[in-house]
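Worksheet: one structure, shown below.
There are 2 protein chains.
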Amino acid sequence: MDTDLQIARQARKLPIADIAARLGLTPAEILPYGHDKAKISHAALAGLQGRPMGRLVLVTAINPTPAGEGKTTTTVGLGDALNRIGKRATVCIREASLGPNFGMKGGAAGGGRAQIVPMEEMNLHFTGDFHAVTSAHNLLSAMIDNHIYWGNALGLDTRRITWRRVMDMNDRALRDVVTGLGGVANGHVRQTGFDITVASEVMAILCLATDLADLQARLGRIVIGYTADRRPVTARDLRADGAMTALLRDALQPNLVQTLENNPALVHGGPFGNIAHGCNSIIATNAALRMSDYVVTEAGFGADLGAEKFLDIKCRMAGLQPSVAVLVATIRALKMNGGVAKADLGAEDVAGVRRGCANLGRHIENLLGFGLPVVVALNHFSGDTEAEVEALRAYCAEHGVKAITARHWAEGGAGAEELAQEVVALAEGGGADFHTLYPDSMPLWQKIETICTRIYRASHAEAAPGLRQQLETWEAAGHGRLPVCIAKTQYSFSTDPTLRGAPEGHIVPVREVRLNVGAGFVVAICGEIMTMPGLPRNPAAETIGLDEDGQIVGLF
Amino acid sequence: MDTDLQIARQARKLPIADIAARLGLTPAEILPYGHDKAKISHAALAGLQGRPMGRLVLVTAINPTPAGEGKTTTTVGLGDALNRIGKRATVCIREASLGPNFGMKGGAAGGGRAQIVPMEEMNLHFTGDFHAVTSAHNLLSAMIDNHIYWGNALGLDTRRITWRRVMDMNDRALRDVVTGLGGVANGHVRQTGFDITVASEVMAILCLATDLADLQARLGRIVIGYTADRRPVTARDLRADGAMTALLRDALQPNLVQTLENNPALVHGGPFGNIAHGCNSIIATNAALRMSDYVVTEAGFGADLGAEKFLDIKCRMAGLQPSVAVLVATIRALKMNGGVAKADLGAEDVAGVRRGCANLGRHIENLLGFGLPVVVALNHFSGDTEAEVEALRAYCAEHGVKAITARHWAEGGAGAEELAQEVVALAEGGGADFHTLYPDSMPLWQKIETICTRIYRASHAEAAPGLRQQLETWEAAGHGRLPVCIAKTQYSFSTDPTLRGAPEGHIVPVREVRLNVGAGFVVAICGEIMTMPGLPRNPAAETIGLDEDGQIVGLF
């Protein structure tokens, strides 16, 4: 079979205005970016208000392993399949970060015959959204140091500034820097650093804002640091919120592209899945729901992290009611979760599959616990044996859910029609009774404990010294109703990335908490979290370039 | 009269495909960005090769003063006027830098009824070109520190790395920084800094490259630093040139917008006018010349800096043959050049005008010296008196050139028709015999001296210790044929910004020289040059925002 890139290049893309027309949008309601990308205008978005909403399908997965699960591929394939069986379906996924493409080879949006195009542009500047986030973030940074330079009227404690700078680049040398050197004209010396753009609170805000007014309000609430007497100072105190909103005005408009089968896809926003919530924007999901029968979306990492945040943060804030959860697994990944080494994945190992199903079963239970009907999508690989697949089917049947083999990678939407039929049956069967894991009113520490014990199945969470007091201070300041965003390894239910399967009774150490008032959540950090990656010894950048036709090579 | 912003908002813009059609471009040959901006595709550019070229008109000015001259306004008004008198004319100007808009209020592209639209977008992200430059520049920076981190096989002397980072923001705290703090995992500690994006050599390269292959070759030649034994290390040595080219692929395509009178304008690239050459891209000018009878373009600052670099750097490299130089002056600016204080500009002062004409006369002589026919455009202000205008006319007549009053600010193209007629008469009269100031073969120091004595009328140039030896080293390394780019104050022929009029016999101290092999010039720095601005006490960002219609306010 051809590579993802070859398939993507062979795609017969329709003009983006034709894709927009399928959503009921006129050429005046979109802002084209070239011939195969467009933004849906703010005016068009406003015109959608009050329309009935379609059904929301969440695609999530077992804990990731090096074997790969194919969550995005399944999201795209399911979207195409729903269209094939007569539903107007739109896919909603995140945008890719520019920087990491120059380290490892870039990620396609999907794979095989289930992809979103144009692939190269989506991995480079796309429509400039991430550059706008970078600019808005760094404008605030510049205004902080400028405020101090001109007399520091707000009384910022320069040791207690928490707002850093960002760059969409893997650049480890910027993690920890000293700025303001060179004398009086350059300001005050300060130790600070850069994160990668997707880790910016501005990115999380862009993805959680419902309109421009909400965007500005959230930006204004960003806490950038503290005064000597520990009073928080906000972006609004610095009068930065208006200009940041102006910089993000266009970026807040969702991006429309298409699948290989010419179905609409909204690709918008890309917050980190660890220190942020890891889903595409609320504004894109809302728009898609008002223009489609079905919206298929995905959440970052495995269901313990991604689905939990999607449900407890994004759906809570946006008032979304998902109808079905699709839990993606592969025989190979199940075997790895069952302790099989990567080198041995080629051989049939039914016992390994059965052991790995413990991980799957835990996610099924958790998703059912949110009141969602569940279907397991077995993303088919050619090496899967009938006995292995049967072991999975039997396991799922015991848990009251169906496991359906999907062959969208090789066959496109046609390969996922059976999955689509089951999704429709569950969605239209009225079985969904979605509720969040915890109420807004629950105290912050109890929210953390609830996630750790109910989702991760830890015996308890353990707070670093002073941490619970910190949470109480925030509760006293009126932030107690915020949801919690846990940052921990995606490879395990525990905080030990090597502990696959379905561990229980472990302890979750919470090392640090951060208050993201603008995004509207409290981050609880459990383990090492890298917010500025580095480049490898032989970065992909060394082999990226243009061929004689001006096409980009080496990116994939 | 309405403000520039009000006039711009009232503009009846044509769909950008209609503007493209006027240039003979089909909808498939442009890449739209929204409905009023587009890029001209690489394929369309390739198709223009071999077509006959129109006539090139340079708009330049006397030395700038706080009174304002209106060079861009005249460029736009002249373009509109040429179209009115039956010539197919295209305007070519630079893009605006994002960062400075958050300090002082942003600059319109033109003014009054001679503007290019859309104004807000052109002052914000526009089509993302500057973000692409920022990314390409910083990718190289990251690859340098990454190369050192992984063992420094090229033997870079970390004290001799000259390549910094860039950000399109006014952020003085980044001028001088230490990176790589925080221990082994973050690399080696180094002192470095950030410049504003327009000061990047990558920006100069984007504007001087003739196609993608030339772009990559120039990027590869960038010298990023030296080994311990002083051998230069290039971007190509780091294998960064291909990925940088991929990042700049779209940015190299010129941006098409329109004037208020719906005439085509290419707005592309924006290198600094001091440490770089300060003109729009060669690729835009070349494309415009192949699609128009006339191309009206401008160069940064006054004619001593801007026109000299346009002619000796851009025209030399691109093989361009300008037909006419339009020298813009205002009565008010002439008076300031004649020593009149800003507060006294409202009163008639014929003697002041006559004194200021010395500055004008010097520029006329210089331009004639390049073999260009010259016309003086008097950009009309309502307070100008007939006696003052007559003094200017008489002065110009003595120097053998016409001074023509142009009222495009108030009247649009109709107000500049007489100027357009004179431009056509000069251009089609065959009087141009353009030649550069110095040949490629002249030694570098002699090139600097030639500019200082012949253009600035200094008695001589004075080299800082070791500087001439440095130039000789570069000549020995094969860089002796490069042109020279002087960085000095734009306010005077001398290096003293307060010395208006037409000083002569002064000494030009050359403090530093820099080798920009990628851009293809040697920079000679004469005076303080700021490559990263700061924000003022009350930055414009504090009042920028959106109104209830989502329109940007406070930017102008």
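If you're matching them up, the sequences are chains D and Z in order.
The numbering used here puts the first sequence at residues 23 to 578.
The numbering used here puts the second sequence at residues 23 to 578.
C-beta: ideal position from N, C-alpha, C; glycine also.
Taking residue i as the query, report the chain D residues whose CB atoms sit under 8 Å from its CB, ordered along the chain.
i              : result
V200 (chain Z) : V199, V200, L203
H147 (chain Z) : G150, H153, A154, S157, L269, D272
F578 (chain Z) : Ordered by position in chain D, no residue passes the 8 Å Cβ test against F578 (chain Z), which lies about 12 Å from the chain.
Y513 (chain Z) : Within chain D, no residue comes near Y513 (chain Z); the closest Cβ sits about 20 Å away, beyond 8 Å.
For the alpha helix (DSSP H) holding residue i, just list the boundary residues, first then last.
i              : result
D102 (chain D) : 93-106
I227 (chain D) : 223-230
E484 (chain D) : Element bounds for E484 (chain D): not the alpha helix (DSSP H) but the beta strand (DSSP E), 482-485.
A432 (chain D) : 430-433
T156 (chain Z) : 151-171
I41 (chain D)  : 38-44
Q28 (chain D)  : 26-32
T267 (chain Z) : 263-270
G572 (chain D) : G572 (chain D) -> no alpha helix (DSSP H), and no H or E assigned at all.
T307 (chain D) : 304-313
What first and last residue would you give for the beta strand (DSSP E) that runs through residue i?
i              : result
Y316 (chain D) : 316-320
N401 (chain D) : 396-401
L288 (chain D) : 286-289
L577 (chain D) : Unbroken run through L577 (chain D): none, as it is neither H nor E.
Q280 (chain Z) : 277-281
Q137 (chain Z) : 136-139
L78 (chain Z)  : 77-83
Determine the direct distance from the alpha carbon of residue j to that of residue i, and round the result to whole angstroms.
i              : j              : result
N160 (chain Z) : E143 (chain Z) : 24 Å
C379 (chain Z) : C114 (chain Z) : 28 Å
I470 (chain D) : L269 (chain D) : 35 Å
A66 (chain D)  : P49 (chain D)  : 11 Å
A321 (chain D) : H210 (chain D) : 42 Å
I335 (chain Z) : C474 (chain Z) : 16 Å
L146 (chain Z) : G368 (chain D) : 53 Å
P54 (chain D)  : K109 (chain D) : 26 Å
F392 (chain Z) : I52 (chain Z)  : 36 Å
G295 (chain Z) : A239 (chain D) : 39 Å
L15 (chain D)  : R77 (chain D)  : Residue 15 (chain D) is absent from the structure shown; chain D starts at 23 and stops at 578.
L349 (chain D) : E439 (chain D) : 16 Å
V397 (chain Z) : M126 (chain Z) : 33 Å
A111 (chain Z) : G99 (chain D)  : 51 Å
V579 (chain Z) : T95 (chain Z)  : Only positions 23 to 578 of chain Z appear in the structure, and residue 579 (chain Z) is not among them; the question remains open.
A447 (chain D) : L441 (chain D) : 10 Å
P519 (chain Z) : L47 (chain Z)  : 45 Å
G437 (chain D) : G133 (chain D) : 13 Å
Give the residues of chain D in contact with residue i, contact being defined as C-beta atoms less than 7 Å apart.
i              : result
R354 (chain Z) : In chain order: nothing, as chain D lies at least about 32 Å away.
R261 (chain Z) : E564
H290 (chain Z) : Those do not exist, as H290 (chain Z) stays about 16 Å from chain D at its closest Cβ, beyond 7 Å.
Run down chain D in chain order and give the residues with a C-beta less than 9 Å from the C-beta of residue i.
i              : result
E117 (chain Z) : None at all; the shortest Cβ gap to chain D is about 14 Å.
R240 (chain Z) : Near R240 (chain Z) there are no residues of chain D at all, since even the closest Cβ is about 14 Å away, more than 9 Å.
Interface residues of chain Z around residue i at Cβ under 9 Å?
i              : result
W172 (chain D) : L557, P558, R559, N560
Y460 (chain D) : The contacting residues do not exist; Y460 (chain D) stays about 35 Å from chain Z at best.
M126 (chain D) : None at all; the shortest Cβ gap to chain Z is about 13 Å.
G264 (chain D) : A563, E564, T565, I566, G567, L568, V575, G576
Name the chain Z residues whose beta carbon is nearer than 7 Å to that of residue i?
i              : result
H64 (chain D)  : G572
N192 (chain D) : A164
M189 (chain D) : N160
Review point. Is the stretch 237-257 of chain D close to the stretch 220-237 of chain Z, with three or more CB pairs under 8 Å?
Key: In short, these stretches do not touch, since the Cβ pair count stays below three.
Check your understanding: Is there contact here, the stretch 351-366 of chain Z with the stretch 399-412 of chain Z, by at least three beta-carbon pairs under 8 Å?
Key -> Three or more beta-carbon pairs separated by less than 8 Å link the stretch 351-366 of chain Z to the stretch 399-412 of chain Z, which places the two stretches in contact.
Review point. Which ranges does the beta strand (DSSP E) cover as unbroken runs of at least 3 residues, wholly within the stretch 176-221 of chain D, from first to last along the chain?
Key: Taking only runs of at least 3 residues, the beta strand (DSSP E) segments lying wholly in the stretch 176-221 of chain D are 178-183, 187-189, 199-201, 212-214, 216-218.
Check your understanding: Which ranges does the alpha helix (DSSP H) cover as unbroken runs of at least 4 residues, wholly within the stretch 347-420 of chain Z, from first to last along the chain?
Key -> 353-359, 372-391, 408-420, all fully within the stretch 347-420 of chain Z.
Point to revise | Stretch pair the stretch 177-191 of chain D + the stretch 218-232 of chain D: three plus CB contacts closer than 8 Å | key: With a cut-off of 8 Å, the stretch 218-232 of chain D and the stretch 177-191 of chain D count as touching, because enough Cβ pairs lie within range.
Review point. What are the start and end residues of each continuous beta strand (DSSP E) run of 3 or more residues lying completely inside the stretch 473-529 of chain D, in chain order?
Key: Taking 3 residues as the shortest admissible run, the stretch 473-529 of chain D contains the following complete beta strand (DSSP E) segments, listed from N- to C-terminal end: 482-485, 506-509.
Point to revise | beta strand (DSSP E) segments (min. 3 residues) lying fully within the stretch 43-73 of chain Z | key: Listed in chain order, the complete beta strand (DSSP E) runs (minimum 3 residues) inside the stretch 43-73 of chain Z are 52-54, 60-62.
Point to revise | contact_flag[the stretch 414-426 of chain D, the stretch 302-321 of chain D] where n(CB pairs < 8 Å) is 3 or more | key: Fewer than three Cβ pairs drawn from the stretch 414-426 of chain D and the stretch 302-321 of chain D lie within less than 8 Å of each other, which leaves the two stretches out of contact.
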